[in-house]
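Residue numbers (the numbering used here): 7 to 485. From the three backbone atoms N, C-alpha and C, an ideal C-beta is built for every residue, glycine too. First the structure, in the form of structure tokens, and then the observations on it.
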């Protein structure tokens, strides 16, 4: 079946769905309404939309087909008149299946199917809970009953789970493997794991990434950009229209087509995973902001390399978090300032040792761009992700990072990242980023000492230049 192009709009009383399905027989069109679900089937097209609120099929509902344009227009009645249906322009969200009510840690791929196994599942859960407790659990309960004071020790390290498989997973929610099996035979210049990309553990990936960053760090390059920053100042003055234009916008036809071609997935992540996704999103947006600012919105053949190099989750398959969890977080899913600093520190490090322009002030400007994007809400973030996806998809090697990360982020941001109807989570992160200061010590490489040394050299040169000018003036007077 083919998913047709479509668009949705609304009035006070109705939802209007326009579906492009040329060369069909109007008499063969089948529609069905079930609470919030609406389906259209006419060979070879099938469309299933999941709205935020209930729709009904009554006398005011209608459907008409225009053979000249190929558009089928369906008018659906709102159950509650005047109710505003949000996110009708987020096509991937409308195409997503109904949210599952089961436990998290599951990713549902494809169109969700309702089953009649709820009672069987409940019986299975009850039987599981009725099983005998382990000896350790029995000891704990017995201790509690007799008020014994068992010794307690808090683990100071977070050891990764034991795996019996040589192949490791990576990407969005660690859902992918096999994409780098033959990476040694490709021209993937950003891969920092070499031929071991498929078998490196999380800890090994991080160690290799840090080592590679230290090897690529160039003090002289940083000091040169710090001393002679004329062109960097031009980049700092440039305003990113994606991050500064707060007026409402409509997705272009090309963007709508991109949304339609995204995978149909439902992501059920726990709080720890969700926080990690938010932090990874920040690093991806930072790379996008850096690429956009340094090219002033006109991408180049090097843009895919720049983005892939600046995101640790791409080049080293090493996503956040990069710091130990803290008990001061106000939300189990929204990153704390310390979480954001730890993630941005990695982005700053990479922006100072890989691309052409290596400036801490440029990195600060990119952080400000990311904050502005987040404050503008999920549509602005989604557009930035789709631009990133476009750049990666058009590269013969780095498209792989779009497949294992950016595609899923485009779907997740629409329906999952900020709740059903709210941008509160994204705005909260944007507010935190706007007032954030990334300490230079968290980046490493003794940046303050290098900057002080550069200033001293500049002052010495200026003094010598003044002395030479005075000597030349004195000689000129004598002559």
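Asked: Figure out for me which residue from 385, 25, 317 has the closest Cα to the Cα of residue 15.; Found: 25
Asked: May I have the straight-line CA-CA distance separating residue 291 from residue 390, to the nearest angstrom?; Found: 7 Å
Asked: Would you call residue 373 buried or exposed, if buried means 16 or more other Cβ atoms sit within 10 Å of its Cβ?; Found: buried
Asked: For residue 398, does the three-state DSSP call read helix, strand or coil?; Found: helix
Asked: Which residues does DSSP list as the beta-bridge partners of residue 16?; Found: 21
Asked: Keeping to the same chain, check which residues put their C-beta closer than 6 Å to that of residue 361; ignore five residues upstream and five downstream.; Found: 312
Asked: I'd like to confirm the pairing. Which residues does DSSP put opposite residue 56 in its beta bridges?; Found: 43
Asked: Taking 8 Å as the limit between beta carbons, can you name the residues of its chain near residue 11, skipping five residues before and five after?; Found: 25, 26, 262, 263, 266
Asked: Specify the secondary structure class of residue 80 as computed by DSSP and reduced to three states.; Found: strand
Asked: Going by the beta-carbon positions, is the gap between residue 83 and residue 64 smaller than 7 Å?; Found: yes
Asked: Could you pull out every residue in the same chain whose Cβ sits closer than 6 Å to the Cβ of residue 62, ignoring the five residues on either side in sequence?; Found: 83, 85
Asked: Look at the alpha carbon of residue 344 and the alpha carbon of residue 36, and state the distance between them as a whole number of angstroms.; Found: 54 Å
Asked: To test your reading of the DSSP string, which unbroken beta strand (DSSP E) runs of 3 or more residues are found completely within the segment 306–380?; Found: none
Asked: Measure the Cβ-Cβ separation of residue 175 and residue 183 and say whether it is below 7 Å.; Found: yes
Asked: Leaving out five residues before and five after residue 241 in sequence, what residues of the same chain have Cβ atoms less than 8 Å from its Cβ?; Found: 299, 300, 302, 363, 368, 371
Asked: Identify whether residue 172 lies in helix, strand or coil by the three-state DSSP scheme.; Found: coil
Asked: Could you pull the DSSP bridge partners for residue 72 from this structure?; Found: 77
Asked: Count the other CB atoms within 10 Å of the CB of residue 375; is the residue buried (16 or more) or exposed (fewer)?; Found: buried
Asked: With contact counted as at least three CB pairs below 8 Å, one residue from each stretch, are the segment 211–227 and the segment 266–275 in contact?; Found: no
Asked: I need the straight-line Cα distance from residue 349 to residue 449, nearest angstrom please.; Found: 10 Å
Asked: From the DSSP output, read off the bridge partner residues of residue 51.; Found: 8, 48
Asked: Our contact map puts residue 34 next to residue 49 with C-beta atoms below 8 Å; I'd like the distance itself, whole angstroms only.; Found: 7 Å
Asked: For residue 233, count neighbouring Cβ atoms within 10 angstroms of its own Cβ and tell me buried if that reaches 16, exposed if not.; Found: exposed
Asked: Since I believe residue 247 is in contact with residue 289 (beta carbons under 8 Å), could you give me their beta-carbon distance rounded to a whole number of angstroms?; Found: With a Cβ gap of about 22 Å, residue 289 and residue 247 do not count as contacting.
Asked: Short of 6 Å in beta carbon distance, which residues of its chain neighbour residue 414, apart from the five on each side in sequence? Order them along the chain.; Found: 178
Asked: Around the C-beta of residue 397, are 16 or more other C-beta atoms found within 10 angstroms, so that it is buried, or is it exposed?; Found: buried
Asked: Using a 10 Å radius around the Cβ and a threshold of 16 neighbouring Cβ atoms, would you call residue 254 buried or exposed?; Found: exposed
Asked: Quick one: using the 10 Å Cβ neighbour count with 16 as the cut-off for buried, is residue 294 buried or exposed?; Found: buried
Asked: How long is the line joining the alpha carbons of residue 306 and residue 38, rounded to whole angstroms?; Found: 47 Å
Asked: Which residues does DSSP pair with residue 62 in a beta bridge?; Found: 83
Asked: Whole-angstrom Cβ separation of residue 439 and residue 380, contact assumed at under 8 Å?; Found: 7 Å
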